[in-house]
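Following: one structure in structure tokens, then a few remarks.
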């Protein structure tokens, strides 16, 4: 093992390409990046120290312009695999028939709603469709504010809720220079690696109560608490699962609404439950979803309890030209059917255990790995400089991400210190895929 130099990371993006290093790239890649910068502007970011140009994909595999094959252990958007034939066929057939908005009567949207709404359990009874998870969270927060007559929102410390004006203000993970709303308050993520597990819920609740008091002092009051139940951007904390239930009780006692952000944690990814919030045994007032819902086609939604939407529905109205259009619903229905019929939730549980067990075996001989955690096919591997002090080691984590990319296995990193590998593959990830990931990880660690 060799010493790893600290690597500059693009502002606001873990594992981002640094344009200052463009001269180190081959001429073709350099030309494409320069064209991209000229045409798309400076706000777009690329992943990896040496960005990847992807031309096509199938299942869990990607191919670049030279025909090189990559293993995708990162993209949760294509939850049932890249270019799944049943989803492709459903979108193709519907696109040939009709693509229009929700202001006409249509069976498809009602049939899908009747399938998905029961999966949430009480008190959820309605579902409203958007195009993206950002839109879903934006709408959920508007509903919560209108329902409560308050503005204050509480999030976890490194949350990501979206990129609309409203949700960007609740997304500290966008970077230190991305401003938070004045009505936003943060509580710690449930760091199960550094905190005493028995004390996590009490610690978060104590901070939550303080932040609620601060919101009330400033005249904002509490409108909602919103959290991703796998705490993905905070560093991936799947356990313990006794956190969100007690938090929900405190939020409701203060007159607020509980929002479960299932964009990352939902649709069977955790393996043991279909929705991430169900692992915590609590019942949110609003559930938001996106990304994997249409296997890459832009479709997302807000599922909501009747008492929360009643005032908003009577005094406002909701319309989205593309949200819930007939093609989007066809993609969502096909994806939902594949998830259920192909047993992908069960596959996530089985393959996820295999990956975690394999990384723990690697960690027995590599003390840079401080913690391995996650649920199903959402796994975090935290790197530290010393297991006794648990000092974060982002340089090694990012070097491992780059080392895997060089060996054509794609993952990323997460957490405040960017020292946790984020392994989040499509739910069709196989035992052979897992073995390739583990073998390549072991090879990379020996070289880093």
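Residue numbers (my numbering): 0 to 447. Quick reminder that beta carbons are idealized off the backbone N, C-alpha and C, glycines included. All figures in this text were calculated on a predicted structure; none of them were measured in a lab.
- Excluding five sequence positions before and after residue 384, the CB atoms of its chain that fall closer than 6 Å to its own CB belong to 390 and 392, given in chain order.
- For the set 413, 294 and 287, the Cα lying nearest the Cα of residue 303 is the one of 287.
- Residue 368 has 382 as its beta-bridge partners, per DSSP.
- The DSSP-derived three-state label of residue 209 is helix.
- Per the DSSP secondary-structure output, residue 63 pairs in a beta bridge with 53.
- Residue environment: residue 219 is assigned as buried (16 or more neighbouring CB atoms within 10 Å of its CB, all protein chains considered).
- Going by beta carbons, residue 375 and residue 412 fall outside the 7 Å limit.
- The alpha-carbon of residue 46 is positioned some 14 Å away from that of residue 36.
- In this structure, 130 is the residue among 73, 130, 306 and 95 with its C-alpha nearest to the C-alpha of residue 289.
- Residue pairing for residue 419: DSSP places it in a beta bridge opposite 381 and 413.
- Using a Cβ distance threshold of 7 Å, residue 197 and residue 245 do not count as a contacting pair.
- Counting other Cβ atoms within 10 Å of its Cβ, residue 83 reaches 16 or more and is therefore classed as buried.
- By the beta-carbon neighbour count (other beta carbons within 10 angstroms, threshold 16), residue 96 is exposed.
- Around the CB of residue 61, 16 or more other CB atoms lie within 10 Å, so the residue is classed as buried.
- Taking 3 residues as the shortest admissible run, the stretch 239-314 contains the following complete beta strand (DSSP E) segments, listed from N- to C-terminal end: 256-260, 285-288 and 299-303.
- Residue 203 and residue 186 do touch by the CB rule: their CB atoms are close to 5 Å apart, below 8 Å.
- Secondary structure at residue 443: helix, using DSSP grouped into helix, strand and coil.
- Fully contained in the stretch 103-190 are the following beta strand (DSSP E) runs of length 3 or more, in chain order: 125-129, 151-155 and 183-186.
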